[in-house]
Each structure stands twice: as C-alpha cells, then as structure tokens.
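Below: one structure, written as structure tokens.
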Amino acid sequence: MRDLIRLMRLYNPDRLWIAGGLALGLITVLANFGLLALSGWFLASAGAVGLAGYAAQNAFNLLTPAAGVRFFATVRVVCRYAGRLVDHEATFRQLAGLRTYLYARLEPLAPAALDLERSGDLLSRLVADIDRLGDVYLRVVAPFAVFALATLVMAGVFALFAPLAGGALLLGLVLAGIMVPAFSLVLGARPSREVVAIQNSLRADLVDATQGMADLLSCNSGPAMAARLAASGELLVAGQARLAVLSGLGSAAGQLIANLTLAAMLVIGRSLVARHRLPGPDLPLLALGALAAFEATAPLAQAFQLLGGMREAARRLFEIVDRPLPVREPEASPARPARLDITLTRLRMRYRPDGPWALDGLDLTITEGEHVWLLGASGAGKTSLVNLLLRLADYQEGAARLGGIELADIRGDDVRSLFTVVSQRAHLFAGTLRDNLLIAKPEADDAMLWAALEMAQLDGFVRALPEGLETLIGEAGARLSGGEGRRLVLARAALRDTPFLILDEPTEGLDPLTAAGFRAALARLAAARTVIAITHRLDGIKTNDRVVVLSRGRAVEDGSFGTLRQTGRIVPRLVAISEASARF
C-alpha cells in the first residue's frame, strides 16, 4: 500500500482535474439519489391527492416537485457526461505523466543497470503496468471518495425523515461499500498479482519470440516456444476466471445488501406510517432513495479485487525507479579543454560490487587525432572501455582523463556530445529514412541529409526510390539490406560533427565487396577525428595503424600493426587465424 500512496503523490500536478472529477461524480450520485427519492414521493403524493378529492387536488403544488424531478434528471445527465470527460482527461494526464516519469528514470540506468532485464519486461512496465496504474484513480480512488462523501449526505438526508431509516441506510452502505470490497481485496489480492505476473511474463516471451524468430526457426525451437506461450495463456485464462468468479460474488453480495436495505426501509417506513410518525408518501421516498443510494457502491467490489494487481504494478514501477544510478553525475561540467587527449591510468571498473573486474589496471593513452584499433577476445574489455568513455558505466579505481580533466567530473551528456558511435547493433527505427537521419541532428535540412547520404554512398539508392527520403524502412530496417542499413547508420553518424568516432565491429556480417565499400565511406567519415575502432577482422588494418590488444581488462600489446605482427605474441596468432579463415 505504501507504493500506491507514493503513486498518488505523483498525481499532484493533476489535482485540479482530480478534484473536478470527484465533485462531478459526487453530484451525479446525489442527483440520482434525489431523482429517485423525489420521484417516489411525488408519485405517491399525487396518487394520495387524487384519492382525496377535488379540493385537495387544487391545494397540491404540482409544479415544484415536477421541476425538482426535471432538475435532478438534467443535473444527473450533464454531470455524468462532464464527469466522464474530466475523469478520463485526468487519467490520460496521469498516464502521460507516469510514462514520462518512468522513461526519465530508465534512460540514466541504461545500459549498465538494465543489462540483465528482458526487453519485453521493460516494455511491459512502460506500457501495461502504467496502464494498470492509470486505473488506480479512475477505478479505486475516485469511486471510493465519492462513496464516502455521498454516504454521509444520503444517510443524513434519510435521518431527517426518520433517524432509524438513516441508520439502516448507513449500515447497508457501509456493508456494501467497505466490507464487501474488503473481502474482495483479501480474496482477490493473490489471484490479481498472479494474473499480472503471468501477463508480464507472457508479454516478455512474445517479444523475445518475435525478435528471435529467425533463431527459433533455425534451431527448430518454434514448437517449444509455442507450447510455452500456450501454457502461459492457459494459466492466464484460469487466473482471469477466478477473478471473474470473485467479481460475480462481489456484485451479488452488493445487490443482496441493497435488496435487504430496501426491505428494511419498507419495514421501518411501514411501522412509522402506521404510528403516524411518517407521512405515507415518504415511504416510497425511502424505498426508491435506498435503491438509488447503492449506485455509489456498485464499482467498489471489483475495483478492490483488482487492487492487488495494481499494487504489484506499482511495486514493479518503483523497483526500477529506485535503482541506484550506475554513473555519478556532477552538478556541472568544467570548460572544454583545448586538446582532447584520452589518458587512462591503472583504471579498474566493474559493473556490480560483487562482479569481476571488466577493466583491471588498464593503462592507455590516445592522443587527439589518432586512430587506434582495439583487438581482443570476447570479454577482454573492449566494450567496457567504450562504455567507460561514453560515461555509461563508472570506474571505481585509477584515473580516466579527457583533455586533462577527470572523466567523473564531466556530465555524461557533455561527454557523449563529443562522440559518434557506429556499431553493428545500431538501431533503425520503424519510420522513414528522413526520420532515422534526423535522430542524429533534428535541425538538419535536406541539403545536409543528402550530403550525409552521399558521404555514405547511399544517395543513389535513395534517389532511385519512388518516395525518396519519405520511404518507410520497416521495423529495425527490415526493408533494407544489411549493407544499406549499415550505410544509413553511417549517414546518420556523418550528421554528427564530433571530435571522436567509435567504430564497434561496423563491417561484421557484411560480404567482402560491401565491406570494402563501407570501409571506404568510413575512411572519409574518420578524417580529422580521433578514431577508436573495435574489430575481430584484420583485413581493414594497415601496417602503420596503431593496434592495442586487450586481455582480461588490460592492454597486453600496443604498437603498430606491422611491428606487432613481427614481434608480438597475440597479433601473429590472430593473423594466422584470419588467413586460415580466408582460405577456408
């Protein structure tokens, strides 16, 4: 429950919309109560006057109660409609605020603090859990607040006619509006949490299956995944069936209490009428008013039954939000230095306090304008070095300086503004070619876009397309070939005029001809920049290029490729393996 209270504090910016929705909801319930109660009294009074004779008919004021009935009917319709508009506006604002709130806290966590999370689970938190939390106000808070306020008013009105009737109505409303929802909460908390967990797991499996469809089919694992999804679907249906049974029981219990309260009103009213302590027309007022009063309790049982799932969604939201940031951000960055040399001294870095060292005593210097190739086996520390330089992960020991300034003293956004990354895993979004290019530089005009495409040797391909820059490329660039997708990433990188260029296996998976053309385009992009290239392929490295070999988080060989090929221990073995692979 603490998480839900914390959640409600996030709704403070929308408090005026919330207050408006509560006021309109309260007026709607009271107008319905007044309509049925007054209608019962009016009809009974009119009938009694009709039986009393002509003189009584002339004395009876027909216009005032008739106007009251019309007034309550009009108010009920108008306020119900307006209340729906205001409540949904408040809910949509809350949903937008929650998604912005979660995304703003997810972004600084990536990638180091989210590396063990499934993408489908993150998507479920951002979409499904937020949708479920949007129901907290609309289905729980607002109905219960309206019920509490309306109960006091309606019971007070009945008490003016007959204190015993007011007490009976209060008892019935408390039983239907508090006790029944409380039992629904107790009985439905566990099934509701289980349904949420199954739904989240099922969504994550579906995302994994969709993204990894090619691998599943190639390994003949499609049937196994289908069986797993079917089993999750069966569990979900069973959980929802249990909740449906509880919902039906809650509705039945509420209706039973309403009918018993109506019966109590008839018994109490008849007794009072028989003793001439209550006018006869007031008896229908009590009976119909009691039925109308239970409109305030109708949504509560099902809402509180689902509260367990809402609490689980809130827990999942704040579990992500409360994670410590992987990088400590200073309040402000110092002025940019004149030279941007990189100096790493006895640097040690790991991603978790109990994890192994990804970089363990690394010493490395890269001067401004230098081109450096990083070699090493998987897990040697190449990607960790890039994460360090981009301030995506923090180091624990040693020193890392950029232009003589400690890297930890520079804000992450300011550091990343100096780097452009070209990677084999660079994401292409399901939009147009123009959309994907403007990610790098939103203010770029068409001339700049075409210049970038020309540099990447992709302009001829785009000009030949019927829709040109407005061509949709599909999810993850599905409508582009591998080489076209890489060139689009390269054109996007060309739009960023930064002093550093990081190449992370940019030609991996390309055929030799496409790779050669891609390297030629990269050479133009790399001119006048400091380049750090990560690769397992040696065919693009020239004799005079500087090569740094990493092993277990340390630089074990450093020098020109030609020299290390003759005198090194690891580079000759890599060359032999590369030549053998080429012959094969």
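Once you know that position 514 of the sequence shown is 502 in my numbering, the rest is easy, because the numbers rise by one and skip nothing. Beta carbons are placed, not taken as given, at the ideal position from N, Cα and C, and that holds for glycine. It should be emphasised that the depicted structure is a prediction, and the values quoted were computed from it without experimental measurement.
Unbroken alpha helix (DSSP H) run spanning residue i, endpoints
i	result
residue 543	No alpha helix (DSSP H) holds residue 543; the beta strand (DSSP E) holding it covers 542 to 548.
residue 155	151 to 162
residue 438	434 to 443
residue 450	447 to 451
residue 337	First-last for residue 337: 330 to 337, but that is the beta strand (DSSP E), not the alpha helix (DSSP H).
residue 350	No alpha helix (DSSP H) holds residue 350; the beta strand (DSSP E) holding it covers 347 to 354.
residue 523	Premise fails: residue 523 is in no alpha helix (DSSP H) and is neither H nor E.
residue 76	51 to 97
residue 128	Segment: none, residue 128 is in no alpha helix (DSSP H) and carries neither H nor E.
residue 224	210 to 262
residue 174	168 to 199
residue 115	Taken as a continuous stretch (DSSP letters only), residue 115 belongs to no alpha helix (DSSP H), as it is neither H nor E.
residue -7	-10 to -3
Euclidean distance between Cα positions of residue i and residue j
i	j	result
residue -2	residue 309	13 Å
residue 507	residue 477	13 Å
residue 6	residue 149	33 Å
residue 648	residue 194	With the chain covering only -11 through 572, there is no way to say anything about residue 648.
residue 350	residue 434	44 Å
residue 67	residue 111	37 Å
residue 369	residue 447	36 Å
residue 134	residue 142	12 Å
residue 229	residue 307	29 Å
residue 43	residue 28	With a pLDDT of only 47 at residue 43, under 50, the local geometry of the prediction cannot be trusted, and the value read off the model is given with reservation. Roughly 23 Å separates the two Cα atoms.
residue 397	residue 475	35 Å
residue 3	residue 360	56 Å
residue 56	residue 88	47 Å
residue 156	residue 260	14 Å
residue 45	residue 35	Low confidence applies here, because residue 45 scores a pLDDT of 48, under 50, leaving its location unreliable; read the following figure in that light. If you take the alpha carbons of residue 45 and residue 35, they lie about 10 Å apart.
residue 136	residue 337	56 Å
residue 131	residue 170	14 Å
residue 364	residue 524	7 Å
residue 573	residue 11	Absent from the structure is residue 573, since the part of the chain shown begins at -11 and ends at 572.
residue 544	residue 333	14 Å
residue 8	residue 15	11 Å
residue 313	residue 96	7 Å
residue 276	residue 24	6 Å
residue 153	residue -8	36 Å
residue 428	residue 457	15 Å
residue 33	residue 258	16 Å
residue 483	residue 343	38 Å
residue 103	residue 94	12 Å
residue 190	residue 300	16 Å
Sub-8 Å separation of residue i and residue j beta-carbons
i	j	result
residue 292	residue 172	yes
residue 90	residue 118	yes
residue 125	residue 197	no
residue 238	residue 120	no
residue 356	residue 327	yes
residue 375	residue 100	yes
residue 113	residue 303	no
residue 577	residue 348	The first residue shown for the chain is -11 and the last is 572, placing residue 577 beyond what the model contains.
residue 387	residue 352	no
residue 231	residue 180	yes
residue 340	residue 424	no
residue 407	residue 529	no
residue 280	residue 20	yes
residue 138	residue 250	no
residue 414	residue 372	no
residue 412	residue 287	no
residue 416	residue 473	yes
residue 531	residue 550	yes
residue 426	residue 459	no
First and last residue of the uninterrupted beta strand (DSSP E) at residue i
i	result
residue 533	Note, residue 533: premise wrong, no beta strand (DSSP E); not H, not E.
residue 461	First-last for residue 461: undefined, no H or E at that position.
residue 102	Counting along the chain, residue 102 falls outside any beta strand (DSSP E), and DSSP gives it neither H nor E.
residue 362	359 to 363
**Prompt:** Taking contact to mean at least 3 C-beta pairs separated by less than 8 Å, is the region 149 to 165 in contact with the region 238 to 256?
**Reply:** yes
**Segment contact, 8 Å Cβ cut-off, at least three pairs: the region 437 to 444 with the region 364 to 381** = no
**Message:** Three Cβ pairs or more, each shorter than 8 Å: is that satisfied between the region 270 to 282 and the region 249 to 260?
**Reply:** yes
**Prompt:** Quick one: any contact between the region 508 to 520 and the region 457 to 468, if contact means 3 or more CB pairs under 8 Å?
**Reply:** no
**Message:** Quick test of the definition: if touching needs 3 or more C-beta pairs under 8 Å, does the region 555 to 563 touch the region 529 to 546?
**Reply:** yes
**Length at least 4, wholly inside the region 379 to 441: the alpha helix (DSSP H) runs in chain order** = 400 to 404, 421 to 426
**Message:** Which complete alpha helix (DSSP H) runs does the region 276 to 324 hold, if anything under 4 residues is left out?
**Reply:** 288 to 293, 295 to 309
**Request:** Say whether the region 205 to 219 touches the region 316 to 323, bearing in mind that this needs 3 or more beta-carbon pairs closer than 8 Å, one atom from each stretch.
**Result:** no
**Asked** Which residue spans inside the region 468 to 514 form an unbroken alpha helix (DSSP H) run of at least 4?
**Response** 470 to 482, 500 to 514
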